[in-house]
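Take -14 as the starting number for the sequence shown in my numbering and just add one per residue.
Beta carbons are placed, not taken as given, at the ideal position from N, Cα and C, and that holds for glycine.
Here's the structure we're looking at; comments come further down.
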Amino acid sequence: MQILANSSTLIARIINNRWFQHIGYWVVFALFFAFAWGTHDNNYLKTLSVELINLPIKMALVYTVIYYLFPRFLFKGKVWSFITLFLLTLLLASILQRVNDNLIIVDTFFPEWTKEPTLNIVQLVRGAINISSVLAIPMTVKIMEYLSKVQQREQNLAKDKLEAELVFLKNQVQPHFLFNTLNSLYSLILKKSDKSLEVLLKLSELLRYMLYETNVPQVELQKEIDCVKSYIELEKIRYGNRVDISLNIWGEVSGYTIAPMLIIPFLENSFKHSTRGFNGQAWITVEMGCSNGMMTLKVENSIPEVKTDSPAASGIGLNNVQRRLNLLYDDRHELKINASEDAYLVVLKLKLSKQL
């Protein structure tokens, strides 16, 4: 058992050593009870000798319980089997101690005492209660160690599950984004538009960012902003003058980090809403800035007067980014979404981490 956290010093290594802990426990145990019983007649050497004679039985009892019964029964949920075997083990230890008493201890140290039958029920119960005191500390320590390991294992499983979910969510966002962009590129190629080459160039820049920059929990805020700018440029090429796009970046954005690909889904959502049932008069306004480590993102878009009968495609990216916000920024973010008949507004406030 690790008692001292800093195990680099010689004293810490000695105290954390298992052999030192076990030997130390038995030495302290024998001396304590030798002193406790010895106060009766102040013959501490005699009571120490009695404790040493009974010590092998007590040691066998302790190690049988904590190294055999605990891991094989109690820690595997076999509670009744553990209780039954524990009581039988305690009874056996009490019988062995009664044999010690009648064959060695009474004759050697207390000849004036009258010997009781070895299997006397009252003496066996009294002996079992007496000998069980040796189990108090070892059983408590072993159970605490086990509970600590269980808690640590549950925390590791929860952490692994969280990391796996975050990776899954982020990997869903990227294919969704690529799918939309490739659709745009395909449409331009069919029209034999010269803009297809420009789209391909912008797409390669975004791919480079997604493949080589986003495989970390946090990226520089400036890089995420550059990704936003590239995405908007792609959409400008796609829609041309049919969508009025406004982008405003303000404040001090350097020195802060953010989870990668966290902003793009909001932009995707704005283009989806503004161009659904497209009537050629769409507008999108994006404002993004940082003040004292608090990032504010506002994305507002028009909603066409002409409505389509078919429902919009599922907002996979937006749903995922909301889930990622809850997992990564929990109480460090505020997300508001307001939809009216003619506009859709998203406001995200996010407490950023400082760049190390």
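According to the Cβ coordinates, are residue i and residue j closer than 9 angstroms?
i           : j           : result
residue 273 : residue 336 : no
residue 241 : residue 137 : no
residue 255 : residue 284 : yes
residue 212 : residue 191 : yes
residue 320 : residue 333 : yes
residue 268 : residue 276 : no
residue 112 : residue 92  : no
residue 90  : residue 27  : no
residue 343 : residue 203 : Past the boundaries of the shown model lies residue 343; the chain is included only from -14 to 341, so the question cannot be answered.
residue 75  : residue 104 : no
residue 80  : residue 33  : no
residue 187 : residue 222 : yes
residue 169 : residue 218 : no
residue 209 : residue 247 : yes
residue 318 : residue 330 : no
residue 70  : residue 58  : yes
residue 232 : residue 257 : no
residue 198 : residue 239 : no
residue 43  : residue 14  : yes
residue 78  : residue 116 : yes
residue 251 : residue 173 : no
residue 88  : residue 67  : no
residue 306 : residue 245 : no
For residue i, name the three-state secondary structure that DSSP assigns.
i           : result
residue 31  : helix
residue 135 : helix
residue 267 : strand
residue 288 : coil
residue 314 : coil
residue 67  : helix
residue 180 : helix
residue 304 : helix
residue 8   : helix
residue 277 : coil
residue 87  : helix
residue 23  : helix
residue 248 : coil
residue 58  : coil
residue 2   : coil
residue 260 : coil
residue 199 : coil
residue 166 : helix
residue -6  : coil
Mind checking residue i: buried by the 16 CB within 10 Å criterion, or exposed?
i           : result
residue 195 : buried
residue 30  : exposed
residue 56  : exposed
residue 123 : buried
residue 121 : exposed
residue 253 : buried
residue 224 : buried
residue 3   : exposed
residue 17  : exposed
residue 82  : buried
residue 139 : exposed
residue 36  : buried
residue 216 : buried
residue 51  : buried
residue 282 : buried
residue 134 : exposed
residue 118 : exposed
residue 95  : exposed
residue -1  : exposed
residue 230 : buried
residue 125 : exposed
residue 61  : exposed
residue 84  : exposed
residue 323 : exposed
residue -6  : exposed
May I ask you to list the residues that DSSP assigns as paired with residue i?
i           : result
residue 322 : 331
residue 272 : 233, 283
residue 242 : 205, 338
residue 228 : 267
Answer yes or no: does any C-beta atom of chain B fall closer than 9 angstroms to that of residue i?
i           : result
residue 121 : Annotation note: the requested chain B is absent from the structure, which comprises a single protein chain.
| said: Extract the residue ranges of the alpha helix (DSSP H) inside the stretch 94 to 143, only unbroken runs of 4 or more that lie entirely within it. | reply: 106 to 116
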